[in-house]
Amino acid sequence: MTTHVSHLSALSAAAAAVFALSVGAQAQGLPPLPEAIKSAGVLKAGVRCDQPPYGYKDETGKFAGVETDMAIQIAAWAFGSPDKIELTCVTAENRIPQLAGKKVDILIATLGVTPERARVVDFSKPYRWGGSDMLVAKDSPIKKLDDVAGKTVIMLKGSTQAKWFEDNMPKLESMRLNTASDALQALKQGRGDAYTHDAATLVVIAAKDPSLRLVGESFAVSDAAVGVRKNEPEWLAYVDAALDRMKAEGLYAKWVEKWIPAEIRPFYVDAFTKPKPTAR
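Read left to right, the sequence shown gives residues -27 to -1, 1 to 253 (mature numbering (1 follows the signal peptide of the UniProt record, and there is no 0)).
Put into structure tokens, the structure is as follows:
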């Protein structure tokens, strides 16, 4: 799969003005930038490109979304300019290899915190939680999670959902694809009975497509965090401090308002502000 890389050489005047309010050569309240990151002169960040509203490409092909803005903000604080960023599209399957291979220095890519992943990457403090759900055709007989027994469920390779079904419904028929767009197409074509993914992504799809609906039973709820390579404590400390500053300055709320339609916004506000719910 081709990895798309973009140097954001220019932001709109409006976007630049927003970021300018919180940009400084040495951002107040943040620890020193590690020399390895500083010497590169640019933040190399892996983000999702097919998971609105967190990370995606808009209709003009530009990077967009809440987590994309998080990455741009860290670059602004680290280097004094939101232009000092190199964004790379990553998938659920290739994001950790991209980080380990030093193609990127940070993952802000719908990365759920799991024990398996913690063995190979270091996680920042969580900045939100995320649950999982299933998307089905509007007239589907599937009403709850257990109804998919004996049916084909579409999921992404390397995803939290794939691991959950391996552990909890090992006899399930699964169709594992690379991207959210491929999975949605497979569902629409009837090649699977349900498509499971982060509920935050599925809420957006269901709101736009009246032929589909959410099953509505949450499962595999986990914290989402930023991923960095193992044994980079100074960089991890910088990222944690940046996340604290985002929260203190109310930036998450601004980004949720910017990227998410009002009718589904409460779902995302809860994910950033309320405790993680209990679910299967």
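We put the beta carbon where it would ideally sit given N, CA and C, even for glycine.
Whose C-beta lies closer than 7 Å to the C-beta of residue i among residues of the same chain, with five residues either side of it excluded?
i	result
I178	L108, L157, L185
I81	A18, V20, E40, M43, A44, V199
Q134	S105, M128, T169, H170, A193
S(-19)	For S(-19), the predicted structure reports a pLDDT of 40, less than 50, and the residue's modelled location is therefore unreliable. A value from the coordinates is still provided. Taken in chain order, the residues that qualify are D56.
L72	G19, L80, V94, G200, R202
D23	Y29, T152, A153, S154
Nearest CA to the CA of residue i: which residue from the options?
i	options	result
K136	T125, T87, Y100	T87
S147	S154, E139, A153	E139
Y29	P7, L6, T133, C62	C62
P161	G123, K111, P26, L72	A small correction: the amino acid at residue 161 is Lys; Pro does not occupy that position in the sequence shown. Checked all of G123, K111, P26, L72; the closest Cα to K161 is K111.
M128	R218, D196, D171	D171
V77	D182, A235, R202, D213	R202
P70	E32, V94, T125	V94
D217	T33, W50, G34, P25	W50
A210	G85, P143, F96	F96
L150	T125, K98, K75, P25	T125
I79	T33, I10, G189, P183	I10
A252	S195, V188, V242, V212	S195
Y27	A153, L145, K144	A153
T83	P25, T33, P143, K231	P25
For residue i, name the three-state secondary structure that DSSP assigns.
i	result
V39	helix
S54	coil
A18	strand
V199	coil
Y29	strand
L209	helix
Within a Cβ cutoff of 6 Å, which residues of the same chain sit near residue i, ignoring the five residues on either side of it in sequence?
i	result
I45	P55, I58
A244	R101, W102
E66	K130, G131
H(-24)	Its pLDDT being 45, under 50, H(-24) is placed unreliably in this model, and the value from its coordinates should be taken loosely. Correct list, in chain order: C62.
A37	Y29, D31
Y241	V229, I233
P7	E207, W208
Please work out which residues of its chain come closer than 8 Å, Cβ to Cβ, to residue i, disregarding the five sequence neighbours upstream and downstream, and give them in chain order.
i	result
I237	V176, V177, A180
M219	M43, Q46, Y100, Y225
A214	G2, L3, P4
S113	D166, A167, R186
A159	I127, M148, L150, G165, Y168
Which whole runs of the beta strand (DSSP E) in the segment 109 to 196 are 3 residues long or more, in chain order?
If we require 3 residues or more, the beta strand (DSSP E) runs fully inside the segment 109 to 196 come out as 125 to 129, 146 to 150, 167 to 171, 185 to 187.
Segment contact flag, the segment 7 to 17 with the segment 50 to 67, C-beta cutoff 8 Å, min 3 pairs
The answer is yes - the segment 50 to 67 touches the segment 7 to 17, with three or more Cβ pairs under 8 Å.
Across the segment 195 to 212 and the segment 115 to 124, are there enough close Cβ pairs to call them in contact, namely three or more that are closer than 8 Å?
no
Mind the definition here: the segment 161 to 180 touches the segment 209 to 228 only if three or more C-beta pairs lie below 8 Å; say whether that holds.
Result no; under three Cβ-Cβ pairs closer than 8 Å.
Is there contact here, the segment 243 to 252 with the segment 92 to 108, by at least three beta-carbon pairs under 8 Å?
yes
Those runs of the alpha helix (DSSP H) which lie wholly inside the segment 60 to 107 and span at least 4 residues:
68 to 73, 88 to 91
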